[in-house]
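Since the structure comes first, as structure tokens, the remarks are kept for the end.
2 protein chains.
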Amino acid sequence: MDLLKEKILKEGIALSDTVLKVDSFLNHQIDPLLMREIGEGLAQLFTDEVITKIVTIESSGIAPATMLGLIIGAPVVFARKKKSITHTDDVYTAKVKSFTKQDLNEIYINKNFISEDDNVLIVDDFLANGEAVRGLVDIVKQSGAQLIGVGIVIEKGFQKGGDSLRREGIVVKSLANIKSLSKGKIEFYEDFE
Amino acid sequence: MDLLKEKILKEGIALSDTVLKVDSFLNHQIDPLLMREIGEGLAQLFTDEVITKIVTIESSGIAPATMLGLIIGAPVVFARKKKSITHTDDVYTAKVKSFTKQDLNEIYINKNFISEDDNVLIVDDFLANGEAVRGLVDIVKQSGAQLIGVGIVIEKGFQKGGDSLRREGIVVKSLANIKSLSKGKIEFYEDFE
């Protein structure tokens with residue numbers, strides 16, 4: 001995903017040693033052509049797997065997950081962060097601490113949309129401490145579905161989330177893995193380049 | 194958009210006279226192939242217009258807006274509902290009352306992502322009382338951009354939002370326009386079929 005890395009280097013802003021702002025193409029403004037490339041890149045990361053459902057979380061996971069879904073022909077379910085009155089059925093829930101917003105959300109997915117027959121790929125835009133992905137993994141486990149793995153657009157590899165999940169035997173793959181944001185400079189891990 | 198209407202009739206549930214649940218393909222689970230059709234349908238509704246930016250609101254507007262953006266080659270900006278620490282710049286804001294969640298949200302878009310040179314199409318999944326669209330129209334006006342119109346996936350035409358916007362001279366077009374949800378039966382307006 002050279003295109004993604006070029007975009008991160010060109011438009012990403014290291015706001016601090018831990019916060020990368022990619023608002024101009026990923027999580028506020030969306031570049032649809034890049035998003036299609038991201039969908040194709042994620043499909044290639046899991047090309048040997050049969051995926052029957054893609055699970056993500058609102059809001060920034062929706063665009064990459066939908067593009068991947070279009071490419072591999074699988075439906076997408078996005079976990080929601082708050083109950084709304086149109087959700088009256090039974091739901092799977094998990095608690096997730098937001099890294100950037102510093103608050104605790106309950107996320108949920110309607111039980112109708114994941115079954116024990118599903119092979120689930122979790123997709124998200126960012127992986128830092130892994131709280132959102134852990135919540136989604138928790139929900140997939142509750143459903144009895146098989147977890148194929150986790151596909152991430154941008155992993156902040158210097159934070160603990162990805163490695164902690166991998167140590168537990170979960171397959172986590174990222175299109176771009178950031179080694180450091182220190183002094184305003186964005187550096188990637190070599191082995192992902 | 195016969196495919197959309199078929200899907201609404203097949204999978205939509207009229208929970209009450211005003212609430213239509215389409216969680217299985219639009220706002221919880223997403224059918225990516227239908228979403229591409231929706232993107233193509235929206236493009237056809239505004240085929241004579243030059244659109245430089247698509248503006249929507251998280252979360253359920255993101256997938257249709259991104260598919261439309263891919264088809265017409267325009268970037269998407271989605272308004273966010275809460276300030277996060279990665280948003281430090283100046284933002285346009287508007288207040289929006291949620292129809293389904295019965296609460297008041299402040300929505301915002303970073304000033305970097307809409308300029309007075311833009312021709313903006315607003316896209317959303319639902320149009321009922323029009324509160325979300327009004328908030329987006331407000332933001333587009335603040336930016337000085339030209340508002341081309343509003344493209345909606347499902348309008349609940351029996352509610353006042355769409356007609357109220359049209360009376361103000363705003364071009365509002367919908368792929369499916371619902372006449373009634375009474376007694377659990379979903380009926381469309383004939384002139385949109």
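Those protein sequence lines, which keep their order, are chains A and B.
Its first residue numbered 1, the first sequence is counted upward by one per residue in the numbering used here.
Its first residue numbered 194, the second sequence is counted upward by one per residue in the numbering used here.
Virtual Cβ for every residue (Gly too), placed ideally from N, Cα, C.
query: Residue burial classification, Arg36 of chain A (beta-carbon count within 10 angstroms, cutoff 16); result: buried
query: Neighbour-count burial assignment, Leu202 of chain B, 16 or more Cβ in a 10 Å radius; result: exposed
query: Exposure of Glu380 of chain B, with buried meaning 16 or more beta-carbon neighbours within 10 Å; result: exposed
query: Met35 of chain A: CB within 7 Å of a non-hydrogen atom of the ligand SAH; result: Summarising the ligand content, the structure contains no ligands, and the ligand SAH is consequently not present.
query: First through last residue of the beta strand (DSSP E) which encompasses Thr56 of chain A; result: 53 to 57
query: In chain order, each beta strand (DSSP E) run of at least 3 residues that lies wholly inside the segment 323 to 382 of chain B; result: 339 to 349, 365 to 373
query: Paired residues, beta bridge with Lys288 of chain B - DSSP; result: B:Glu299
query: Endpoints, beta strand (DSSP E) assigned at Asp125 of chain A; result: 119 to 127
query: Stretch-stretch touch, CB-based, cutoff 8 Å, three pairs: the segment 359 to 371 of chain B with the segment 334 to 344 of chain B; result: yes
query: Beta-carbon spacing of Ala272 of chain B, Ile300 of chain B below 8 Å; result: yes
query: Straight-line gap, Ile178 of chain A to Ser253 of chain B (C-alpha atoms, nearest Å); result: 29 Å
query: Ala256 of chain B - containing alpha helix (DSSP H), residue span; result: 255 to 265
query: Under 8 Å from the C-beta of Val270 of chain B: neighbouring residues of chain E; result: Note that chain E does not occur in the displayed structure, where the protein chains are A and B.
query: Beta-carbon spacing of Ser143 of chain A, Tyr92 of chain A below 8 Å; result: yes
query: Separation of Lys288 of chain B from Ala325 of chain B, as counted between CA atoms; result: 9 Å
query: Partner residues on chain B for Phe113 of chain A, Cβ-Cβ distance less than 7 Å; result: His221, Gln222
query: C-beta atoms of Val316 of chain B and Leu235 of chain B nearer than 8 Å; result: yes
query: Proximal residues, the segment 256 to 268 of chain B versus chain A, C-beta separation under 7 Å; result: Ala256, Thr259, Gly262, Leu263, Pro268
query: Cβ contact check for the segment 109 to 124 of chain A and the segment 18 to 35 of chain A: 3 or more pairs under 8 Å; result: no
query: Cβ-based burial, Leu104 of chain A [other Cβ within 10 Å; buried from 16]; result: exposed
query: C-alpha gap between Ser182 of chain A and Glu233 of chain B, whole angstroms; result: 43 Å
query: Backbone CA spacing between Asn119 of chain A and Val50 of chain A [nearest angstrom]; result: 7 Å
query: Burial state of Arg198 of chain A, where buried means 16 or more other Cβ atoms lie within 10 Å; result: Outside the shown range of chain A (1 to 193) lies residue 198 of chain A, about which nothing can therefore be said.
query: Distance between Asp318 of chain B and Asn220 of chain B (C-alpha atoms, nearest Å); result: 8 Å
query: Whole-angstrom C-beta distance between Lys53 of chain A and Pro75 of chain A, which should lie under 8 Å; result: 6 Å
query: Any chain B beta carbon closer than 8 Å to Ser180 of chain A; result: no
query: Chain-order list of residues whose beta-carbon lies under 8 Å from that of Ala145 of chain A (same chain, five-residue window excluded); result: Lys53, Ile114, Ser115, Glu116, Asp117, Asp118, Asn119, Val120
query: Closer than 8 Å to chain B by CB, Asn110 of chain A; result: yes
query: For Gln29 of chain A, the residue or residues it bridges with in DSSP; result: B:Val270
query: Buried or exposed (CB count within 10 angstroms, at least 16 for buried), Glu155 of chain A; result: buried
query: Contact set between Asp138 of chain A and chain B, taken where Cβ atoms lie within less than 8 Å; result: By Cβ distance, chain B contributes nothing, its closest Cβ being about 18 Å from Asp138 of chain A, past 8 Å.
query: Where Leu42 of chain A sits in the DSSP three-state scheme; result: helix
query: 6 Å CB neighbourhood of Lys290 of chain B in its chain, flanking five on each side removed; result: Leu297, Glu324
query: Interface residues of chain B facing Ser59 of chain A [CB-CB closer than 8 Å]; result: Glu251, Ser252, Ile255, Phe271, Arg273
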